[in-house]
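Engineer:
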Amino acid sequence: MNQTLGILARFANPAELIEAAKKVRDAGYEKFDCHSPFPIHGMDDAMGLKRSPLGYIVGGLTVTGATFGMAFQYWIAAVEYPLVIAGKPFFSWQAFFIVTFALFVLFGAFGALFGMLGLNRLPRLHHPLFYSDQFARVTDDAFFVSIERDDAKFDESKTQEFLASIGGADIELVVGE
Amino acid sequence: MSILKKHPERDPGTAEAVGGEELLVTGGHTFKTLTDKVSGIVEQKPPAQWWLIFVMAVSGMLLLVGVIGWLAWEGTGIWGLNNPVGWGWAIVNFVFWVGIGHAGTLISAILFLLRQQWRTAINRFAEAMTIFAVITALVFPGIHVGRIWLAYYMFPIPNQMLIWPNFRSPLLWDIFAVGTYFTVSTLFWYVGLIPDLATLRDRATNVRKKVLGFFALGWRGGNRQWQHYEKAYLMLAGLATPLVLSVHSVVATDFATSLVPGWHTTIFPPYFVAGAVFSGFGMVMTLALIARKIYGLEDIITVNHLEKMNKIILVTGSMVGYAYMTEFFIAWYSQNEFEVFAFVNRAFGPYAWAYWIMFLCNVITPQIFWFKKLRRSIPVMFVASIFVNIGMWFERFVITVTSLSRDYLPSSWDYFSPSIWDILTFVGSFGLFFTFFLLFLRFLPMVALSEVKGVLPEADPHFYHQKEGDTK
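Heads up: the protein sequence lines correspond to chains Z and D, in order.
The numbering of the first sequence is this note's numbering, which starts it at 1 and goes up by one.
The numbering of the second sequence is this note's numbering, which starts it at 178 and goes up by one.
1. For chain D, check one thing: does any of its Cβ atoms lie closer than 9 Å to the Cβ of Gln160 (chain Z)?
2. Taking any Cβ of chain Z, which residues in the segment 200-212 of chain D have a Cβ under 8 Å from it, in chain order?
3. Where does Glu16 (chain Z) land, buried or exposed, given buried means 16+ other C-beta within 10 angstroms?
4. Gln402 (chain D) versus chain Z: which residues are under 7 Å apart at the beta carbon?
5. Is the shortest distance between the beta-carbon of Val361 (chain D) and the beta-carbons of chain Z less than 9 Å?
6. Could you have a look at Glu177 (chain Z) and say whether DSSP puts it in helix, strand or coil?
7. Sorted by chain position, which residues of the same chain lie with C-beta nearer than 7 Å to Ile57 (chain Z)'s C-beta, five sequence neighbours on each side aside?
8. Determine whether the Cβ of Asp637 (chain D) lies closer than 9 Å to any Cβ atom of chain Z.
9. Select from D:Ala409, D:Thr443 and D:Gly415 the residue whose C-alpha is nearest the C-alpha of Leu290 (chain D).
10. Ends of the beta strand (DSSP E) at Leu8 (chain Z)?
11. Using the three-state DSSP reduction, which class does Val145 (chain Z) fall into: helix, strand or coil?
12. What residues are listed by DSSP as bridge partners for Glu191 (chain Z)?
13. With DSSP collapsed to three states, give me the class of Gly42 (chain Z).
14. Could you give the C-beta distance for Ala286 (chain D) and Phe317 (chain D), rounded to a whole number, given that I count them as a contact under 8 Å?
15. Along the segment 21-54 of chain Z, where does the CB come closer than 8 Å to a CB of chain D? Name the residues.
16. Mind checking who Gly179 (chain Z) pairs with in its DSSP beta bridge?
17. How should Lys50 (chain Z) be labelled, buried or exposed, when 16 other C-beta atoms within 10 angstroms of its C-beta is the threshold for buried?
18. Would Tyr528 (chain D) count as contacting chain Z if we go by Cβ distances under 9 Å?
19. Using only the alpha-carbon positions, how far apart do Ser588 (chain D) and Ala508 (chain D) sit?
20. Which residue marks the beginning of the alpha helix (DSSP H) containing Phe178 (chain Z), and which one marks its end?
21. Where Leu119 (chain Z) and Leu54 (chain Z) are concerned, what is the direct C-alpha to C-alpha distance, given to the nearest angstrom?
22. So, at 6 Å on beta carbons, what are the nonlocal neighbours of Cys538 (chain D) in its own chain, with the 5 sequence-adjacent residues on each side left out?
23. Using 9 Å as the threshold, is the C-beta distance between Arg397 (chain D) and Ser92 (chain Z) below it?
24. Could you work out which residues of chain D lie near Gln3 (chain Z), taking near to mean beta carbons separated by less than 9 Å?
25. Touch check for the segment 231-251 of chain D and the segment 311-331 of chain D: three-plus C-beta pairs under 8 Å?
26. Thinking Phe144 (chain Z) and Ala46 (chain Z) are a contact (beta carbons under 8 Å), I'd like their distance in whole angstroms, please.
27. Would the beta-carbon of Leu349 (chain D) fall within 9 Å of that of Gly608 (chain D)?
28. Suppose you measure from the CA of Trp274 (chain D) to the CA of Lys31 (chain Z); what does that come to, to the nearest Å?
29. Could you check if Val556 (chain D) is buried or exposed, using at least 16 other CB atoms within 10 Å of its CB as the buried criterion?
30. Measure from the alpha carbon of Met43 (chain Z) to the alpha carbon of each residue in D:Gly278, D:His405 and D:Thr602, then state which is nearest.
31. Mind listing the chain D neighbours of Pro128 (chain Z)? Cutoff is C-beta to C-beta under 8 Å, in chain order.
32. Roughly how many angstroms separate the alpha carbons of Arg469 (chain D) and Phe614 (chain D), rounded to a whole number?
33. Within the 9 Å Cβ cut-off, does Arg124 (chain Z) reach chain D?
34. Determine, using beta carbons only, whether Arg137 (chain Z) comes closer than 9 Å to chain D.
35. Give me the DSSP bridge partner(s) of His35 (chain Z).
36. Spatial neighbours of Phe271 (chain D) within its chain, please: CB distance less than 7 Å, with the 5 preceding and 5 following residues excluded, ordered by chain position.
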């Protein structure tokens with residue numbers, strides 16, 4: 001059954017989008033987003049977003065990778081398959097730093113990709129916004145504000161009027177199943 | 178007072194940069210025309226030149242497959258290796274291709290951290306070049322083991338012999354360093370591609386839309402997404418920066434930890450990294466000039482960008498030249514007769530011809546870029562970039578072969594000449610590289626659209642305040 005899932009409004013340029021973001025935030029909306037073809041400097045503050053926690057995810061994984069790397073080499077060289085090579089100790093940790101570093105970076109990089117996807121709830125191949133025809137322009141040259149139906153302050157007519165009052169054009173009810 | 182109501186959508190081509198900086202994109206492009214230009218390349222049928230080069234590249238790749246088949250059948254005896262020179266073109270080619278990759282990561286990661294916005298014009302295909310160069314490079318350690326079906330011995334995996342590799346060996350470090358490098362470069366490249374794949378998705382229909390939509394992962398360009406995305410990009414750049422410096426350093430330790438005169442020097446890691454960036458920029462330049470011409474991207478990859486790349490070529494080429502001279506100085510200063518001999522032999526021995534080709538191409542050629550006129554001349558820089566590619570291949574040849582062919586015992590000296598199979602393998606490796614690269618040009622956006630849009634003056638919210646005469 002078709003129903004209203006949110007409201008979409010278009011703004012002319014990055015400066016207007018930032019102004020709109022501040023006003024939507026100040027009006028008390030929480031489940032809204034500002035869409036643009038490229039990241040806009042200053043938008044995080046305008047929307048009142050907290051810092052991305054991605055750094056902690058990546059940091060944690062780099063340490064995990066490095067620990068695993070050194071422990072793995074220790075286990076192989078000193079426990080499972082001890083072999084005297086060039087008179088060096090079994091656990092020649094100095095020589096093991098290269099592989100440890102490689103795994104530090106490798107784990108961190110996977111953390112950055114999958115952490116980013118996880119925080120963004122991606123991959124998500126369908127989303128109510130894709131019901132809108134004009135929304136395809138967001139990856140080209142258009143700037144949108146979307147407000148979700150689930151927002152506490154959401155009201156079909158009042159929210160539409162509000163978006164129009166702050167300069168939104170082509171205001172559209174996003175309707176879908 | 179709000180600027181919202183009064184301000185019109187601007188006329189295309191009238192933009193001036195905020196704060197009087199030079200424009201990174203010329204030709205009066207707007208967001209829309211940039212999208213059309215870059216997406217259009219992969220949405221239309223490829224130009225005739227593309228097909229011509231593609232047929233040549235695929236032929237080269239098939240040649241490589243055939244030569245590897247013969248190698249697997251007959252063994253490494255088909256190469257020109259002899260008793261002192263046990264490392265020949267396989268290693269030379271491996272180091273050559275890995276080195277080329279380094280420019281891509283330097284552009285995508287290091288220049289990103291240094292806030293060099295001009296990188297946006299070239300980073301996408303430089304990164305693609307990195308990935309394909311590393312794939313090509315990885316063929317060589319895979320096949321130089323001779324018995325290709327035993328290549329898995331290189332990895333630390335449980336096996337029926339209950340043995341494990343030696344982690345004190347630089348050759349094993351190489352597996353991890355280059356393997357990680359390949360993986361991280363690919364992740365970085367893919368993260369950069371996600372918004373541009375969404376752009377292509379939103380322009381496509383039917384099956385094409387579904388396929389692109391799958392790989393775009395449902396990107397919606399919301400700032401809640403951009404926020405984490407930019408952080409991820411920064412993290413990846415931060416991780417890739419030390420990684421790229423470490424990779425060629427590790428490759429250098431393959432040589433430096435051995436006791437062969439001419440290899441056993443501490444200068445090797447930084448010298449190899451400088452050489453790698455140098456050779457990579459040579460290759461980026463060659464590819465950029467061709468692609469720019471064929472696809473008409475002169476507005477996006479401007480002469481200003483090319484000039485900046487030439488400056489990097491000049492700097493890194495001079496660093497390489499400095500390293501060549503330092504090697505001689507240290508050989509003399511050490512008073513180690515084997516070390517002195519190794520270097521005199523390099524410059525004046527049986528491989529003097531290769532040494533001086535290397536020296537001319539790598540040290541002398543880039544010096545022309547001291548002159549602004551030459552730095553901005555397309556034909557000059559194209560020829561210079563080819564010289565850099567040639568010179569850097571010879572550098573690896575000189576390092577590998579001259580040291581091995583004459584070591585401590587004169588009775589064991591021998592001269593190395595490549596066989597026809599060495600040459601065909603090398604030619605074939607170009608086929609493999611260009612096949613990948615041309616498929617990339619055909620199917621993926623070769624310019625990082627969302628990043629280039631982000632450096633247009635009108636992407637900056639302050640642009641509009643300035644236009645209103647608002648000093649806010």
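Glycine included, C-beta positions come from ideal geometry on N, C-alpha and C.
Structural biologist: In brief:
1. Within the first sequence, numbered from 1, the residue matching residue 160 (chain Z) stands at position 160. Not one chain D Cβ lies under 9 Å of Gln160 (chain Z).
2. Thr207, Phe208, Lys209 and Thr212
3. Taking the first residue of the first sequence as position 1, residue 16 (chain Z) is located at position 16. Buried is the call here.
4. Translated into positions along the second sequence, residue 402 (chain D) becomes position 225. Near Gln402 (chain D) (Cβ distances below 7 Å), the residues of chain Z are Asn120.
5. On the second sequence, position 184 is the one that residue 361 (chain D) refers to. Closer than 9 Å: yes.
6. Counting from 1 along the first sequence, the entry for residue 177 (chain Z) is found at position 177. In this structure, Glu177 (chain Z) counts as coil in the three-state DSSP scheme.
7. Walking along the first sequence from the start, residue 57 (chain Z) turns up at place 57. Around Ile57 (chain Z): Gly111 and Gly115.
8. Looking up residue 637 (chain D) in the second sequence gives position 460. It does: the Cβ of Asp637 (chain D) has a partner Cβ on chain Z nearer than 9 Å.
9. Counting from one through the second sequence, the residue named residue 290 (chain D) turns up at place 113. Measuring from the Cα of Leu290 (chain D), the nearest candidate turns out to be D:Gly415.
10. Mapped onto the first sequence, residue 8 (chain Z) falls at position 8. Unbroken beta strand (DSSP E) run through Leu8 (chain Z): Gln3 to Phe11.
11. Walking along the first sequence from the start, residue 145 (chain Z) turns up at place 145. Three-state DSSP puts Val145 (chain Z) in a strand.
12. Outside the modelled stretch of chain Z, which goes from 1 to 177, sits residue 191 (chain Z), for which no answer is possible.
13. Numbered from its first residue, the first sequence carries residue 42 (chain Z) at position 42. Of the three classes helix, strand and coil, the one that applies to Gly42 (chain Z) here is coil, per DSSP.
14. The sequence position of residue 286 (chain D) within the second sequence is 109, counting from 1. The sequence position of residue 317 (chain D) within the second sequence is 140, counting from 1. Rounded, the Cβ-Cβ distance is 25 Å, inconsistent with contact.
15. Ala21, Asp33, Cys34, His35, Ser36, Pro37, Phe38, Pro39, Ile40, His41, Gly42, Met43, Asp44, Met47, Leu49, Ser52 and Leu54
16. Because chain Z in this structure spans residues 1 to 177, residue 179 (chain Z) falls outside the shown range and cannot be described.
17. Indexing the first sequence from 1 puts residue 50 (chain Z) at position 50. Classification of Lys50 (chain Z): exposed, given that the 10 Å Cβ count is below 16.
18. Locating residue 528 (chain D) in the second sequence gives position 351, counting from the first residue. Judged by the 9 Å Cβ criterion, Tyr528 (chain D) is not in contact with chain Z.
19. In the second sequence, counting from the first residue as 1, residue 588 (chain D) sits at position 411. In the second sequence, counting from the first residue as 1, residue 508 (chain D) sits at position 331. Each residue's alpha carbon lies about 23 Å from the other.
20. The structure shown does not extend to residue 178 (chain Z), since chain Z is modelled only from 1 to 177, so the question has no answer here.
21. Start at 1 with the first residue of the first sequence, and residue 119 (chain Z) comes out as number 119. Start at 1 with the first residue of the first sequence, and residue 54 (chain Z) comes out as number 54. Distance between the alpha carbons of Leu119 (chain Z) and Leu54 (chain Z): 8 Å.
22. In the second sequence, counting from the first residue as 1, residue 538 (chain D) sits at position 361. Cβ neighbours of Cys538 (chain D) beyond the five flanking positions: Phe564, Ile567 and Gly568.
23. Counting from one through the second sequence, the residue named residue 397 (chain D) turns up at place 220. Counting from one through the first sequence, the residue named residue 92 (chain Z) turns up at place 92. Against a cut-off of 9 Å, the Cβ pair of Ser92 (chain Z) and Arg397 (chain D) comes out as no contact.
24. Here residue 3 (chain Z) refers to the residue found at position 3 of the first sequence. Here the premise fails: no neighbours, minimum Cβ distance about 20 Å.
25. yes
26. To locate residue 144 (chain Z), count along the first sequence from 1; it is residue 144. To locate residue 46 (chain Z), count along the first sequence from 1; it is residue 46. So it is not a contact: roughly 15 Å between Cβ atoms.
27. The residue you call residue 349 (chain D) lines up with position 172 of the second sequence. The residue you call residue 608 (chain D) lines up with position 431 of the second sequence. It is not a contact, given that the beta carbons lie outside the stated cut-off.
28. For this step, residue 274 (chain D) is matched to residue 97 along the second sequence. For this step, residue 31 (chain Z) is matched to residue 31 along the first sequence. Using only the alpha carbons, I get a separation of about 49 Å.
29. As a first step, residue 556 (chain D) must be located in the second sequence, where it is residue number 379. Looking at the sequence provided, one finds Pro at residue 556 (chain D) rather than Val. Answer is exposed; the Cβ neighbour count stays below 16.
30. As a position in the first sequence, residue 43 (chain Z) is number 43, starting the count at 1. Comparing Cα-Cα distances from Met43 (chain Z) to each of D:Gly278, D:His405 and D:Thr602, the minimum goes to D:His405.
31. As a working mapping, residue 128 (chain Z) is identified with position 128 in the first sequence. In chain order: nothing, as chain D lies at least about 10 Å away.
32. Taking the second sequence and counting its residues from 1, one reaches residue 469 (chain D) at position 292. Taking the second sequence and counting its residues from 1, one reaches residue 614 (chain D) at position 437. Computed Cα separation, rounded: 14 Å.
33. For the purposes of this step, residue 124 (chain Z) is identified with residue 124 of the first sequence, where counting begins at 1. Yes, Arg124 (chain Z) lies at the interface with chain D (some Cβ there is under 9 Å from its Cβ).
34. As a working note, residue 137 (chain Z) is residue 137 in the first sequence. Chain D, which has a Cβ nearer than 9 Å to the Cβ of Arg137 (chain Z), makes this yes.
35. In the first sequence, the residue the question calls residue 35 (chain Z) occupies position 35. Paired residue(s): Z:Phe144 and D:Gly399.
36. Position 94 of the second sequence, counting from 1, holds the residue named residue 271 (chain D). The residues are Ala314, Phe317 and Pro318.
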